[in-house]
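Mapping of the sequence shown onto this note's numbering: residues 41 to 298, in sequence order.
Beneath this line is the structure, given in C-alpha cells, with notes to follow.
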Amino acid sequence: MLKKLFYNDFHAIRKHALPFVRAMLACGLVSLCVMLLDAVLPEVGDLALFFDNTLTSLLLALLFGFVVLMVLAELQIFSHYYRSFFTDEGYFTFMLPATREELLVSKILAGIVWVLLILLSAAVAVTVGVLIPFEILMRLEGASFLTSFVRDLFDILLIAGVVDFLFSLIAQTVFIYTAITLGALFFAKRKLLGAFLFYCILSGVVSFLRTLLSLLFFTVTDAGELFTSLVSILLSISIGIGGYLITRALLKHRLNLT
Numbered sequence: 041m042l043k044k045l046f047y048n049d050f051h052a053i054r055k056h057a058l059p060f061v062r063a064m065l066a067c068g069l070v071s072l073c074v075m076l077l078d079a080v081l082p083e084v085g086d087l088a089l090f091f092d093n094t095l096t097s098l099l100l101a102l103l104f105g106f107v108v109l110m111v112l113a114e115l116q117i118f119s120h121y122y123r124s125f126f127t128d129e130g131y132f133t134f135m136l137p138a139t140r141e142e143l144l145v146s147k148i149l150a151g152i153v154w155v156l157l158i159l160l161s162a163a164v165a166v167t168v169g170v171l172i173p174f175e176i177l178m179r180l181e182g183a184s185f186l187t188s189f190v191r192d193l194f195d196i197l198l199i200a201g202v203v204d205f206l207f208s209l210i211a212q213t214v215f216i217y218t219a220i221t222l223g224a225l226f227f228a229k230r231k232l233l234g235a236f237l238f239y240c241i242l243s244g245v246v247s248f249l250r251t252l253l254s255l256l257f258f259t260v261t262d263a264g265e266l267f268t269s270l271v272s273i274l275l276s277i278s279i280g281i282g283g284y285l286i287t288r289a290l291l292k293h294r295l296n297l298t
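Below, the structure written as C-alpha cells:
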C-alpha cells in the first residue's frame with residue numbers, strides 16, 4: 041500500500057511542481073545564450089555599452105526569476121501535504137485503506153524526493169546557465185575553471201559539507217510538515233498563519249541549536265571541521281526523526297478535520 045501511496049503523492053506533486061522546474065531549466069538555457077551573446081559583442085562604443093547594460097539587467101532578472109521559480113516549486117510540495125490532510129481533500133485521504141503512518145511516510149518520502157529533484161534541476165540550470173559559459177570564456181583566455189572545480193569536488197571536507205547540507209534539507213522538509221500540522225491543529229480558522237508562526241518558532245529553535253553547535257565545536261583544523269559536519273549530520277537526523285514522531289502523534293490522535 042505504501043508503494044501505491046508514494047506513487048500517487050509523487051505524481052500529485054509532479055503535476056504542480058514540474059512546470060516550475062521546466063521554467064527553471066529554461067532560465068538556465070536563456071542565461072547561457074545571454075552570456076555567450078555578451079561574449080561575442082564588440083566591447084567598444086556606446087552601442088556596446090547599451091548592450092552590456094541590457095544583458096546585465098536581463099541576467100539579474102533571470103537570477104531573480106530563477107529563485108522565485110525554485111521557491112514556488114518547493115511550495116507545491118508543502119501545498120500538497122496541506123491539501124491532503126487539512127482541507128476537504130483530507131476527508132478522502134483518511135478514507136483510504138491505509139494507516140496514518142503510511143499516509144505520513146508516503147508524503148514525507150514524496151516530498152523529500154521532489155526536494156532533491158528540484159535541487160538537482162537547480163544545479164543543472166546553474167551549470168548550463170553559468171558554469172558552462174564561464175568555462176567557455178575562461179578557455180578563450182587560455183585558462184580553465186572546471187578543471188580545478190572538479191578536482192575540488194573530491195575534497196573530503198566538501199563532501200562532508202554537501203552530505204550535511206542534504207541531511208539538513210531533509211530535516212527541514214520534515215519539520216515544515218510538522219509546522220503545517222501544528223498550525224492546522226492549533227489555529228483552526230487561520231491554518232496557514234498558524235503554520236507560518238510555528239515554522240518561525242521551529243526555525244528559531246533549530247538555528248539556535250546549530251549556532252550552539254558551531255560555538256561548541258568551532259575549530260580551524262580539517263579534522264575538527266569534519267567532526268563538526270558529522271555532529272551536524274547527527275543533529276539533522278535527530279531533528280528529522282523528532283519532527284516525524286511529533287507529526288505522527290498529532291495526526292494519530294486527530295479524529296476530526298476542520
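Backbone N, C-alpha and C fix where the C-beta goes; we use that ideal spot for every residue, glycine too.
Keep in mind the model is a prediction, meaning the values are calculated, not measured.
- The shortest C-alpha to C-alpha distance from Y217 to any of K55, V166 and A150 is the one to A150.
- The beta carbon of Y239 is closer than 7 Å to those of I216 and A219 in its chain, skipping five residues each way along the sequence.
- In terms of Cα proximity to A63, the closest of L102, K43 and L98 is L102.
- Of the candidates S71, N48 and L266, the residue whose Cα lies closest to the Cα of A200 is L266.
- With contacts defined as CB atoms closer than 8 Å, G244 and K231 fail to qualify as a contacting pair.
- The three-state reading of DSSP puts T127 in coil, since its state is none of H, G, I, E or B.
- DSSP places M135 outside both helix and strand once states are collapsed to three, so it counts as coil.
- The alpha-carbon separation between P59 and L256 amounts to approximately 44 Å.
- An exposed status is given to K55, since fewer than 16 other beta-carbon atoms sit within 10 Å of its beta-carbon.
- Runs of the alpha helix (DSSP H) lying entirely within the stretch 221–259 and spanning at least 4 residues, in chain order: 231–256.
- If you look at G151, you'll find it in the alpha helix (DSSP H) that goes R140 to V166.
- Three or more beta-carbon pairs drawn from the stretch 63–75 and the stretch 105–115 are found closer than 8 Å, and the two stretches are therefore classed as touching.
- The Cβ neighbour count for Y47, taken over all protein chains shown within 10 Å, is under 16; the residue is labelled exposed.
- If the five residues before and after F207 are omitted, its C-beta is found closer than 7 Å to the C-beta atoms of I273, S276 and I277, all from its own chain and listed in chain order.
- By the CB criterion at 8 Å, R140 and L252 fall outside the cutoff.
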